[in-house]
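Below you'll find the structure, written out as structure tokens, and then a few comments.
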Amino acid sequence: MKLQHHLGGLEGLEGPIDFERRVFVEDWEKRIFGIHTAMMGLSASLRDALPGYDIDSVPTTFDSTWTWADLRTGAEAMDPFDYFRLRYYEKWLGGISAFLVEQGYVDRDEFAAATARYRADPDAPLPGRAEPAIDAQVQRYLREGDSPRRGPATPDFAVGDTVVVADPPAADHTRLPGYLRGRRGTVERVFEGNYAYFHSTGEDGLGDPVPVYVVRFDPHELWGASAEAHAGPLYAELYQSYLTPGPEARR
Numbered sequence: 002m003k004l005q006h007h008l009g010g011l012e013g014l015e016g017p018i019d020f021e022r023r024v025f026v027e028d029w030e031k032r033i034f035g036i037h038t039a040m041m042g043l044s045a046s047l048r049d050a051l052p053g054y055d056i057d058s059v060p061t062t063f064d065s066t067w068t069w070a071d072l073r074t075g076a077e078a079m080d081p082f083d084y085f086r087l088r089y090y091e092k093w094l095g096g097i098s099a100f101l102v103e104q105g106y107v108d109r110d111e112f113a114a115a116t117a118r119y120r121a122d123p124d125a126p127l128p129g130r131a132e133p134a135i136d137a138q139v140q141r142y143l144r145e146g147d148s149p150r151r152g153p154a155t156p157d158f159a160v161g162d163t164v165v166v167a168d169p170p171a172a173d174h175t176r177l178p179g180y181l182r183g184r185r186g187t188v189e190r191v192f193e194g195n196y197a198y199f200h201s202t203g204e205d206g207l208g209d210p211v212p213v214y215v216v217r218f219d220p221h222e223l224w225g226a227s228a229e230a231h232a233g234p235l236y237a238e239l240y241q242s243y244l245t246p247g248p249e250a251r252r
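With the sequence shown counted from 1, adding 1 to any position gets you our numbering.
Written as structure tokens, this is what we have:
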């Protein structure tokens, strides 16, 4: 994860953190959430989903893969200063809009024209038409969802093994917290099954389904002399792509 998305272990962050307790602050945020949910429920990735969706029978022109991972990737592509400046659903709006333009569902001129129209008349009716089959698919997705689990487990490590976290390159996205890179830990649990991240990270190593582990880290391994006295261990769930054998295994 890039700096603005995972602040664990960083020092010198000034000022209190403001936690907004409301799920939706303004009404338009509910619509952004709804658009994201509809895109998830119509995503091409559901062709391989465990519930067995017949996504090709749904009368929609949306034929792209859209998952939480794509939403996160769009947010990470933002300028870091904009990321801290904008509110939560403003980031969602930017990521979804950029994706729809990139995939050719709408162009920038159409966005600009619609923006000007609704700024001039905020109460203008929103576009839409009844599509019961689409509604049914999205509602079924909300009830049944999907799972990243794909196939049986093929782990390289076992409980008790010492592992070292890798330091893979990542051009635009990674699920590996920076403060764990290069650190040594112990496998605490091996999850049942292999798991796919719903967005290929390219150079970062995530693509095909891989085993996932819970790894235990001693706080002194992570923070050195800065670790608090008597601090408990830190546990992280990590893809196998991010782990290498510990020193004992290499001998």
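All C-beta atoms in this analysis are idealised placements derived from N, C-alpha and C, irrespective of residue type, glycine included. Here the structure is a predicted model, which means the values were calculated and not measured.
Cut-off 7 Å between Cβ atoms - residues of its own chain near residue i, not counting five sequence neighbours on either side
i     : result
ALA70 : TYR198, PHE199 and HIS200
LYS31 : PHE25
HIS37 : LEU72, TRP93 and ILE97
Residue i - DSSP class collapsed to helix/strand/coil
i      : result
GLU91  : helix
PRO248 : helix
THR61  : coil
GLU27  : coil
TYR84  : helix
TYR106 : coil
Bridge partners - residue i, DSSP secondary structure assignment
i      : result
PHE218 : LEU235
ARG185 : VAL165
ARG190 : VAL215
TYR196 : ARG150 and VAL211
Exposed unless 16 or more other CB atoms sit within 10 angstroms - verdict on residue i
i      : result
ARG23  : exposed
ALA76  : buried
LEU47  : buried
HIS174 : buried
VAL107 : exposed
SER44  : buried
TRP67  : buried
GLY35  : exposed
GLN140 : exposed
Contact belief for residue i with residue j at Cβ below 8 Å, rounded distance in angstroms
i      : j      : result
VAL188 : ALA167 : About 15 Å separates the two Cβ atoms, so there is no contact after all.
VAL191 : PRO212 : 6 Å
GLY186 : VAL164 : 6 Å
ARG176 : LEU207 : 7 Å
LEU244 : SER148 : Contact flag wrong, Cβ pair sits at about 22 Å.
Beta-carbon contacts of residue i that lie in its chain and below 8 Å, excluding the five residues immediately before and after
i      : result
ALA154 : VAL191, PHE192, GLU193, GLY194, ASN195 and PRO212
PRO234 : ARG217, PHE218, ASP219 and PRO220
GLU222 : ARG184, ARG185 and GLY186
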